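Chemist: Following the working numbering, the numbering of the sequence shown begins with 1 at its first residue and continues without gaps.
Dropping a structure here in C-alpha cells format, bear with me for questions.
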Amino acid sequence: MAVTPTPARAAEPSPSGGQATITAGTPDLDALREQQPSEIVAPADPAAATRDKPAAQSPADCADVLATPAEEPGVVGCIRRAPADPSLVPPNPSTAGTTAGVTSLAASDWNVENGPVPRWCQLDQLATYQRMRECHADTFLFTVYKRPENIPLGEAWLSYWEWEELSNKRRTWTHTIQMYVSRVTGLAVLSTYLNAQGWCGLNCDVSTPAETRYILLTEGKWLRGSWDMGRPGGADERKYGSADTDLTFLHLETGITRAWTAIEFENRCDSELPETPLEGGCVYDDIQPELVLSKNANSDHRLHAEFVEQAQHTTPDHYGARHLSQPGEDPKPLQRLTDKDRKAKNYQASCGDFRKDPAVPNDSCDEYPYQSTYQGSAEIGRANTAVGHVPLEHNTAGGRRLQSFYVANRVIDGDEFWVSTTDGPIEDGPGRDMPPEVWAGDDLVGFEGADVQLNGSAEDAQGPPDVHWSYTPRGPVDPGTVCTFSDPDGTSTTFVCNDDGSFTVTLTADDGVNMPVSDELVAEIRNVGPRIGRQLPDFAPSAADEGGSLLRPEPWSTHRAGEPVQLTAPYDDPGGNDTQTCVVVWDDGSEDRYPAREDNCDRPHTYQHAGMDTIAVTITDDDGDSELSHTMIVVYDPEGGFATTGAWLDSPAGALTSAPTAAGRLHVTLNPMYKPGESGPVPGGGKVSASLDGAGFSLDSTALEWLVVTPDSKVAVKGTATVGGEAGYGFVAYGYDDPDKLRLVVWPLSAGDHPGTQTRYDNRASAGYDLDVADLQPLGAGSVQVHE
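Below you can see the structure in the form of C-alpha cells.
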C-alpha cells in the first residue's frame with residue numbers, strides 16, 4: 001500500500017501528564033483537549049470477554065470511510081493497514097530486553113512495555129504458523145482526514161506483532177500483541193490514544209482488566225498486551241475457538257475509531273492425547289505437523305531414517321511423503337491410531353513372521369507406515385506396506401522420536417501428519433527441528449521433610465535444551481503444603497515437601513523453537529510422625545533413638561508434693577506444615593490435652609500427694625501419626641507418714657543373679673521416716689536390712705535417699721547399701737499395707753544411680769519400677785505397717 005506523508009503539525013506543548021477518568025458513553029473531547037492527559041481511563045466493557053464476534057465487523061477502513069460522502073465539513077479518523085516495514089523499528093526487537101524499570105506483564109494487562117518478541121516470530125517473515133504457535137506482523141496507520149476534501153491532517157504509524165502460544169498440557173493459551181509507535185505527525189500529535197483488548201470467541205474464557213486504559217501514542221513508545229485464555233470442557237469433549245484483538249483509537253478531535261485484528265487459524269482444545277493429563281491441551285489442527293528423521297552419520301536413528309525413506313519410495317501410495325506427490329495428485333498423509341488392539345494387529349500383520357537376518361547386528365523388525373497409524377498393515381493390507389531389518393538401537397531411537405513428536409505436536413487419534421528425511425543434522429526452523437526428548441524418571445516414594453533425589457534427562461540434537469522442574473498435587477493436600485527443588489533448572493536435583501501427599505512432578509524441556517516437551521513421574525510423599533525429645537536421624541518411620549531423650553524431668557528425679565513439676569517435651573517433626581496435639585497423662589488421675597507450640601509440649605503440673613508417677617506424653621500430628629514417651633518421677637512428702645516392716649517371703653529362684661538357683665526365705669526389716677521439720681527428700685531416720693537364707697546374701701543400708709508414702713498405704717524407699725559387707729550397691733524397697741507385700745531390688749551403682757538391666761537381687765524381675773506396677777510379692781509372715 002502506498003502511503004502519502006501528511007504535513008507536519010506545529011509543535012505542541014508537552015502533555016500535562018496525569019490520568020483522566022471518563023465515564024461510559026461519549027467522552028467529553030473538549031475537556032480532554034484542555035487537560036491533555038498522558039492516559040485516559042474508562043470503565044471496562046464487561047461483554048468484551050464473552051462476545052462471539054469482533055467489536056467491529058466492518059472496521060473503520062480508510063478506503064470505505066473516504067468513499068462515503070461527507071454530510072458536513074469536519075475531521076474523521078480511519079485505519080489503514082500495510083505490510084510490516086522493518087525499517088520503521090529499532091534494531092532487532094526480537095532480542096530486545098524489557099524496558100528498564102518495567103516489570104514483566106501480568107495476564108489481562110495493557111501496558112507501556114518492550115518485548116521481547118519470540119525468536120520464532122520474526123518481523124521479516126511476516127507470518128509464522130506452527131502446530132501450537134501462530135504469529136503475524138503488520139503496520140497500522142491511524143489517519144485524520146479533513147472532510148469533505150479528504151486531505152490528510154495527521155497520522156500515527158504502529159508496527160504491530162500479534163502471536164499466540166497454545167498449551168499442550170492445559171486447555172489454555174496466551175494471546176499477546178506488541179506495538180512500536182514508529183511515527184506520529186500532524187494532527188495526530190498529542191491527540192491520539194489507544195486501547196487494546198484481547199478476546200476469544202466461541203464461548204471461551206479470557207482474563208480481562210478492571211478498567212479500560214487509553215495510552216497516548218508518542219514516537220518511540222513500545223506498547224504491549226497479554227491475555228490468558230482458555231476453553232473448559234470435559235475429558236471426552238473437543239472444542240474449537242479463536243482469538244483476536246480489539247484496537248480502539250481515541251482521538252481528541254475525531255472521537256473513537258475501532259479496528260480489530262485476527263489470528264489466522266482456529267484452535268482445537270481436547271483431552272484425547274494418551275500421554276498427557278486429562279486437563280488436555282490445544283493445537284491448530286489445520287496445521288499438519290511433519291516428523292523429520294536424520295540420516296546423518298551421527299544420528300542415533302540413522303538406519304531407521306534410511307528404511308523409512310526407502311519405504312516411502314517403494315510403497316504404492318507413498319503415505320506420509322508430501323514431497324513425493326506427482327503433479328495433479330493429492331499427497332496422502334499418515335493418520336495417528338491410538339487404539340492398542342488395532343496397533344497390535346498392525347504390528348502382528350507386519351512382523352508376526354519376521355525372521356532375523358544374521359548379517360544385521362542386533363536385528364529387529366521395523367515397519368512403515370507405522371503400526372500407530374491408520375495406514376498400518378492390518379488396516380490397508382500387508383502388500384501396501386514395507387518391513388525392514390533395522391538394528392534394535394536405531395529402531396528404538398526412531399520410535400522414541402516418533403513418540404516425542406506425537407506428544408510435542410499433540411497428535412491425537414485421526415490427526416494427519418507427514419514424515420520426511422534429511423541428510424544433515426536436524427536444523428532449527430519451523431517444521432524442521434524436532435523437540436527435545438525428555439525423561440523425568442521412575443515413580444518414587446519419599447518422606448516429608450526429606451530430600452528426594454530426581455535424576456531426569458533432556459536431549460536435543462541442537463544442544464542441551466532449557467529445563468525446568470514443576471509439581472502439582474494429584475489430590476487434596478493440607479493448606480500450606482509446599483514443595484521445592486534444590487535446582488529447578490537442572491536435570492538432576494532434589495525435591496522436598498513440607499507435608500505428605502501425592503504429587504505429579506514434571507520435567508519440561510524447551511529448545512526455544514518447538515513447544516516445550518514434558519515428562520512426569522508420581523512422587524508419593526509419606527508422612528513422618530513426630531519424635532519426642534530426639535531428632536529423627538534418617539527420616540525413616542522406624543528410625544532408632546540415637547543420643548538419648550531430651551524429655552524432662554529426668555527419670556527417677558525427686559520432687560516435693562505441692563510444688564510445680566516442669567515437663568519439658570521438645571519434639572521434631574520434619575513435616576514443617578504439620579500441626580501437633582499434645583496429650584499428657586500425669587499418673588495422678590489427671591490428663592491435659594493441648595496444641596503443641598514452638599516444637600514442644602512443655603507444661604507445668606503440681607502433684608498433691610507422694611507417689612512414683614510415670615508421666616506419659618503422646619504427640620500426634622494432623623495426619624494421625626503419633627509417638628508416646630514416658631518418664632517416671634518420685635514425688636515425696638515429708639509429712640506424708642512413715643512405714644515399719646518385719647517380715648519374710650519365699651524368694652524365688654533367679655532373684656539372686658549371683659546364684660540363680662538359690663531360693664529360700666528373704667527376711668526384710670525397714671523403718672524409714674522423715675523427722676519433724678525435715679524438708680526431704682532424704683529421710684533422717686530409719687534403716688533397711690535384708691538377708692536370704694542359705695545364700696550368703698545380706699544387705700544393710702548405709703544411706704537413705706528418699707521415702708514415698710502414698711495415701712493408699714504404699715511405701716517405697718531408695719538408698720545405698722553394703723551387700724555382704726561390700727559397698728557400692730543401691731536398693732529400692734517396696735511395700736504394700738493390706739494386703740501385705742514386698743519387693744526388693746538391688747543393683748551395683750557402677751551400672752547407674754537407679755535400677756536398670758543389671759541387678760544383684762530382684763524378687764519381681766519382670767515388673768516395672770513404678771510403685772503402682774511393681775508387682776509386689778505376698779509375705780510368708782510378718783507385716784508392712786504404713787503410718788500416716
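All C-beta atoms, glycine included, are put in the ideal place defined by N, C-alpha and C.
Remember, predicted model here, so these are calculated numbers, not experimental data.
#1: Going along the chain, which residues of its own chain have a beta-carbon closer than 8 Å to the beta-carbon of Val812, five neighbours each way excluded?
#2: Can you give the Cα-Cα distance for Gln36 and Ala243, rounded to whole angstroms?
#3: In three-state DSSP terms, what is Val387?
#4: Measure the CB-CB distance between Ser159 and Tyr180 and report whether it falls below 9 Å.
#5: Can you check the stretch 345-391 for any beta strand (DSSP E) of at least 3 residues that lies completely inside it and give the ranges in chain order?
#6: To the nearest angstrom, how far is it from the Cα of Val283 to the Cα of Ala408?
#7: Give me whichever residues DSSP pairs with Leu628 in a beta bridge.
#8: Nearest to Glu237 by alpha carbon, out of Arg171, Trp199, Tyr471?
#9: If you follow the beta strand (DSSP E) that Gln197 is part of, which residue opens it and which one closes it?
#10: Hey, how far is the Cα of Thr661 from the Cα of Gly654?
#11: Which ranges does the alpha helix (DSSP H) cover as unbroken runs of at least 4 residues, wholly within the stretch 471-498, from first to last along the chain?
#12: Taking the CB atoms as reference points, tell me whether Ser372 and Lys332 lie closer together than 9 Å.
#13: Give me the residue from Glu379, Gln178, Pro73, Ala663 with the minimum Cα distance to Val89.
#14: What does the alpha-carbon distance come out to for the pair Ala721 and Ala647?
#15: Between which two residues does the alpha helix (DSSP H) carrying Ala67 extend?
#16: Going by DSSP, what residues sit across from Thr257 in a beta bridge?
#17: Quick one: what's Asp511 bridged to in DSSP?
#18: From Cys365, Asp737, Ser420, Thr481, pick the residue whose C-alpha is nearest to that of Gly320; which is it?
#19: Can you name the residues that DSSP bridges to Trp157?
#20: Please list, in chain order, all residues of the same chain as Leu141 whose beta carbon is under 6 Å from its beta carbon, the five residues on each side excluded.
#21: Applying the criterion that 16 or more other CB atoms from any shown protein chain within 10 Å of the CB defines a buried residue, is Ile619 buried or exposed?
#22: Which residues in the same chain as Gln758 place their Cβ atom closer than 7 Å to its Cβ, once the five residues preceding and following it in sequence are excluded?
#23: At what residues does the alpha helix (DSSP H) containing Asp599 begin and finish?
#24: Looking only at C-alpha atoms, which of Tyr674, Asp693, Ala690, Leu402 sits nearest to Gly684?
#25: Measuring CA to CA, which of Gly576, Glu598, Glu627, Ser364 is closest to Val583?
#26: DSSP on Asn455, reduced to helix/strand/coil?
#27: Three or more C-beta pairs closer than 8 Å, one from the stretch 439-459 and one from the stretch 481-498: is that the case here?
#28: Pull up the DSSP beta-bridge partners for Thr21, would you.
#29: Leaving out the 5 sequence neighbours to the left and right, which residues in its chain are closer than 7 Å to Glu459 when beta-carbon positions are compared?
#30: Is Val75 near Leu153, with beta carbons less than 9 Å apart?
#31: Using a Cβ-Cβ cut-off of 7 Å (strictly less than) and excluding sequence neighbours within five positions of Cys204, which residues of its own chain qualify?
#32: What is the DSSP secondary structure of Leu550, counted as helix, strand or coil?
#33: Which same chain residues end up closer than 8 Å to Leu66 when comparing Cβ atoms and leaving out the 5 residues on each side of it in sequence?
#34: Looking at the structure shown, is Lys306 part of a helix, part of a strand, or coil, going by DSSP?
#35: Between Glu39 and Leu216, how many whole angstroms is the CB-CB distance? I'm expecting something under 8 Å.
#36: Let me make sure I understand the geometry here. Which of Ile263, Trp260, Lys295 has the alpha-carbon closest to that of Ile426?
Modeler: In this structure, then:
#1: The first residue shown for the chain is 1 and the last is 788, placing residue 812 beyond what the model contains.
#2: Each residue's alpha carbon lies about 33 Å from the other.
#3: In this structure, Val387 counts as strand in the three-state DSSP scheme.
#4: Inclusion of Ser159 and Tyr180 in the CB contact set at 9 Å is warranted, their separation being smaller than that value.
#5: Runs found: 363-368, 386-391.
#6: C-alpha separation (whole angstroms): 10 Å.
#7: DSSP, once it has assigned bridges, lists Thr618 as partnering Leu628.
#8: Of the candidates Arg171, Trp199, Tyr471, the one whose C-alpha sits nearest the C-alpha of Glu237 is Arg171.
#9: Its beta strand (DSSP E) spans residues 192-200.
#10: For Thr661 and Gly654, the gap between their C-alpha atoms comes out near 6 Å.
#11: Qualifying alpha helix (DSSP H) stretches: none in this window.
#12: Here Ser372 is not near Lys332, since their CB atoms are 9 Å or more apart.
#13: The shortest CA-to-CA distance from Val89 to any of Glu379, Gln178, Pro73, Ala663 is the one to Gln178.
#14: The straight-line gap separating the alpha-carbon atoms of Ala721 and Ala647 is approximately 19 Å.
#15: For Ala67, the enclosing alpha helix (DSSP H) begins and ends at 62-67.
#16: DSSP, once it has assigned bridges, lists Phe249 as partnering Thr257.
#17: Answer is none; Asp511 lacks a bridge partner.
#18: Nearest option by C-alpha distance: Ser420.
#19: Leu141, Arg183.
#20: For Leu141, where only same-chain residues beyond five positions count, the Cβ hits under 6 Å are Arg80, Glu155, Trp157.
#21: Buried, because 16 or more other Cβ atoms sit within 10 Å of the Cβ of Ile619.
#22: Counting only Cβ-Cβ distances below 7 Å, and skipping sequence neighbours, we find Trp747, Pro748, Ala751.
#23: Going by DSSP, Asp599 is part of no alpha helix (DSSP H) at all; its letter is neither H nor E.
#24: Nearest option by C-alpha distance: Tyr674.
#25: With distances taken between Cα atoms, Val583 lies closest to Glu627.
#26: Three-state result, Asn455: strand.
#27: A contact is defined here as three or more CB-CB pairs under 8 Å, and the stretch 439-459 meets this definition with respect to the stretch 481-498.
#28: Partner(s): Val41.
#29: Cβ neighbours of Glu459 beyond the five flanking positions: Pro436, Glu437.
#30: Yes.
#31: Excluding its 5 nearest sequence neighbours in each direction, Cys204 has C-beta neighbours in its own chain below 7 Å: Met229, Gly230, Arg231, Gly241, listed in chain order.
#32: It is coil, neither helix nor strand.
#33: Taking Leu66 as the centre and dropping the five residues before and after it, the same chain places the C-beta of Cys78, Tyr145, Asn150 closer than 8 Å to its C-beta, in chain order.
#34: Residue 306 is actually Glu in this sequence, not Lys. Helix at Glu306.
#35: Going by Cβ atoms, the distance from Glu39 to Leu216 rounds to 7 Å, so yes, they are a contact pair.
#36: Nearest neighbour of Ile426 by Cα position, chosen from Ile263, Trp260, Lys295, turns out to be Lys295.
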